[in-house]
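Notes follow once the structure below has been shown.
Protein chains in written order, with my numbering: chain A, 19 to 335; chain B, 281 to 554.
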């Protein structure tokens with residue numbers, strides 16, 4: 019824009035003022051941007067999402083709450099009336115067993131996956147080979163999403179009654195059964211451990227080499243470094259990861275449904291059974307009450323997870 | 281020191297080896313299981329797939345559902361997230377809550393809620409347009425109710441991916457620069473902001489695609505037969521074929537993810553050389 023330097027002062031002055039003119043011209047569209055913002059133009063673009071959310075998520079949520087507190091329409095008496103019977107039923111007897119066994123399975127698998135995932139992630143982070151790191155993280159990304167039916171079938175082929183490994187080592191004679199609590203634990207770890215690796219890797223990346231060096235210079239042993247420096251820093255990430263795994267295992271349905279059938283009672287399977295009508299007459303809304311129980315557990319879990327996630331994010335920046 | 285380093289290397293190698301064994305053995309055993317018959321190795325489980333009843337129908341249905349889900353999700357999320365970047369922090373907080381809430385509701389519970397809503401229809405609202413909507417949404421040829429469920433389930437994942445992408449670019453400066461150069465609003469977003477989000481868009485689409493391909497809970501309880509439900513039915517009668525499909529589905533996911541990560545790496549290299 020600036021032309022070659024001119025010896026005459028007056029054109030230079032006009033050139034300068036021209037430059038200033040361009041500068042003063044810029045605020046015009048910017049003001050328009052700001053006024054659009056003030057007018058709520060940005061809200062407009064979020065309306066479809068919020069509307070979809072209100073209808074697609076809000077209505078089912080309302081249906082769950084209303085249904086959980088209403089007597090079923092096929093009940094002998096009091097159809098459509100307010101009742102807490104569904105909720106009391108949902109935490110008693112067989113349903114209590116299912117809920118408890120779901121919580122137990124999720125907590126146990128999440129704990130084991132945390133303990134296994136941490137050393138794997140550490141091995142990857144400290145490795146000299148970039149390719150290894152990329153390969154492990156890509157693999158974790160795939161495996162963490164490898165839940166559901168394919169996982170169940172892969173394990174049936176491996177460790178099921180006629181599975182390859184079962185037959186190779188005669189595991190059945192040693193008391194092994196895939197269709198049990200233990201079997202389910204082994205299967206769940208297959209997607210929970212990679213999920214943990216993905217979750218803690220950024221946190222491990224955040225551990226500075228200097229901290230380790232400082233600890234070493236102060237004659238700290240490796241154990242002392244982990245006990246007093248690394249683990250306290252990692253703790254929010256680890257606990258956050260644990261909670262994420264818990265939620266993931268707790269919500270899982272397909273794997274257990276395809277694999278163990280009814281041998282291990284789980285809350286997600288109880289809901290599916292209640293929905294498909296395999297339940298006593300007059301308890302149609304029991305499924306919604308069970309869903310409410312499940313949501314309450316998940317809410318508790320999230321209430322722990324979200325603040326922790328924010329806190330661990332602070333360490334990474 | 282050298283001793284410590286070599287000891288660490290041994291330890292690291294051992295950990296990775298054990299993990300490798302645990303994660304590779306089921307895959308190897310599955311492949312072996314799917315080809316191993318009484319008369320030796322036979323690939324019938326794979327070759328018979330195409331002609332298996334219901335295979336193509338369920339696969340097509342799943343792919344259609346996936347395409348519509350990805351489209352709906354991006355159309356809802358992308359404008360909202362860009363607007364939130366340009367707008368107030370309060371708006372961003374609202375979107376974060378909205379997009380994280382579905383995490384709290386497990387798929388089974390969400391399905392139960394959807395069934396609860398759908399049950400309202402026939403009871404009180406016969407002969408109304410709303411009832412027609414309920415019927416339309418449950419059309420077995422293309423169950424829109426599943427799209428709703430899938431969009432909700434993938435909302436947290438897609439939000440994370442897109443939000444990370446948006447954080448990496450200065451949307452406000454980009455848009456204002458484009459506007460100052462005389463670009464209209466749609467043009468500024470389409471030709472300036474979106475190309476910068478290519479990686480994030482791909483990421484979000486891929487995660488959604490993977491979710492829809494493997495989704496079983498909602499579709500099986502609602503009684504439709506997309507791919508995952510078909511695998512389940514096959515698994516009851518033909519064990520080998522269901523394992524073969526599992527192996528294939530893992531391979532496909534793997535290839536997709538590898539393509540995605542190489543695409544991301546090449547773009548990164550391009551931007552650094554420029």
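Glycine is no exception: its CB is placed at the ideal position from the N, C-alpha and C atoms. Predicted model only: the values in this text are computed from it and were never measured.
Between which two residues does the alpha helix (DSSP H) carrying residue i extend?
i	result
residue 379 of chain B	369-380
residue 122 of chain A	111-143
residue 234 of chain A	227-235
residue 481 of chain B	478-494
residue 345 of chain B	335-366
residue 431 of chain B	424-448
residue 242 of chain A	240-243
residue 159 of chain A	148-162
residue 291 of chain A	285-293
Taking C-beta pairs closer than 9 Å, name the residues in chain A that residue i reaches, listed in chain order.
i	result
residue 296 of chain B	138, 141, 142, 145, 150 and 154
residue 397 of chain B	77, 78, 80 and 81
residue 411 of chain B	Residues of chain A passing the Cβ test: none, with the nearest at roughly 15 Å.
If distances are taken between C-alpha atoms only, which option among the options comes closest to residue i?
i	options	result
residue 154 of chain A	A:141, A:165, A:164 and A:89	A:141
residue 214 of chain A	A:135, A:175 and A:312	A:135
residue 358 of chain B	B:316, B:435 and B:539	B:435
residue 441 of chain B	B:414, B:477, B:342 and B:467	B:477
residue 333 of chain B	B:523, B:517 and B:465	B:517
residue 395 of chain B	A:168, A:129 and A:81	A:81
residue 179 of chain A	B:343, B:519, B:448 and B:528	B:519
residue 117 of chain A	A:323, A:78 and A:285	A:285
residue 452 of chain B	B:462, B:473 and B:464	B:473
residue 514 of chain B	A:247, A:88, A:167 and A:321	A:167
residue 255 of chain A	A:173, A:151, A:181 and A:225	A:225
residue 275 of chain A	B:532, B:527 and B:511	B:511
residue 253 of chain A	A:193, A:188 and A:328	A:328
Give a single yes or no on whether residue i has its beta carbon closer than 6 Å to a heavy atom of the ligand HEM.
i	result
residue 289 of chain B	Judged by which ligands are present, the structure shown has none, so any question about the ligand HEM falls away.
Do residue j and residue i come within 7 Å of each other at the CB atom, strictly closer than that value?
i	j	result
residue 197 of chain A	residue 281 of chain A	yes
residue 494 of chain B	residue 508 of chain B	yes
residue 267 of chain A	residue 289 of chain A	no
residue 345 of chain B	residue 455 of chain B	no
residue 499 of chain B	residue 426 of chain B	yes
residue 138 of chain A	residue 295 of chain B	yes
residue 271 of chain A	residue 388 of chain B	yes
residue 386 of chain B	residue 312 of chain A	yes
residue 144 of chain A	residue 306 of chain B	no
residue 212 of chain A	residue 162 of chain A	yes
residue 468 of chain B	residue 480 of chain B	no
Check residue i in the structure and name its three-state DSSP category.
i	result
residue 317 of chain B	strand
residue 513 of chain B	helix
residue 200 of chain A	helix
residue 106 of chain A	helix
residue 453 of chain B	helix
residue 288 of chain B	helix
residue 315 of chain A	helix
residue 88 of chain A	strand
residue 100 of chain A	strand
residue 269 of chain A	helix
residue 280 of chain A	coil
residue 400 of chain B	helix
residue 205 of chain A	helix
residue 191 of chain A	helix
residue 467 of chain B	helix
residue 53 of chain A	With a pLDDT of only 48 at residue 53 of chain A, under the threshold of 50, the placement of this residue in the model should not be trusted; the figure read from the coordinates follows. Residue state, collapsed to three classes: helix.
residue 211 of chain A	helix
residue 24 of chain A	With a pLDDT of 38 at residue 24 of chain A, under the threshold of 50, the predicted position of this residue should be treated as unreliable, though the coordinate-derived value follows. Reduced to three states, the DSSP call for residue 24 of chain A is coil.
residue 322 of chain B	coil
residue 223 of chain A	helix
List, in chain order, every chain A residue whose beta-carbon is nearer than 8 Å to that of residue i.
i	result
residue 453 of chain B	Within chain A, no residue comes near residue 453 of chain B; the closest Cβ sits about 11 Å away, beyond 8 Å.
residue 533 of chain B	160, 163 and 164
residue 335 of chain B	Going along chain A, no residue has its Cβ under 8 Å from residue 335 of chain B, so there is no contact; the nearest lies around 15 Å.
residue 523 of chain B	171, 172, 174 and 175
Which residues in chain A have a C-beta closer than 7 Å to the C-beta of residue i? List them in chain order.
i	result
residue 497 of chain B	271 and 272
residue 292 of chain B	141, 144 and 145
residue 432 of chain B	74 and 75
So which residues on chain B does residue i lean against when the C-beta distance must stay under 7 Å?
i	result
residue 286 of chain A	386 and 388
residue 317 of chain A	384
residue 195 of chain A	Under the 7 Å cutoff, chain B gives no residues; its nearest Cβ is about 16 Å from residue 195 of chain A.
residue 206 of chain A	Here the premise fails: no neighbours, minimum Cβ distance about 13 Å.
residue 290 of chain A	388 and 501
residue 182 of chain A	309, 312 and 313
Residues of chain B with CB closer than 9 Å to the CB of residue i, please, in chain order.
i	result
residue 85 of chain A	392, 393, 396 and 399
residue 66 of chain A	355, 356, 359 and 360
Note down, in chain order, every chain B residue with its Cβ under 8 Å from the Cβ of residue i.
i	result
residue 176 of chain A	305, 306, 309, 310 and 313
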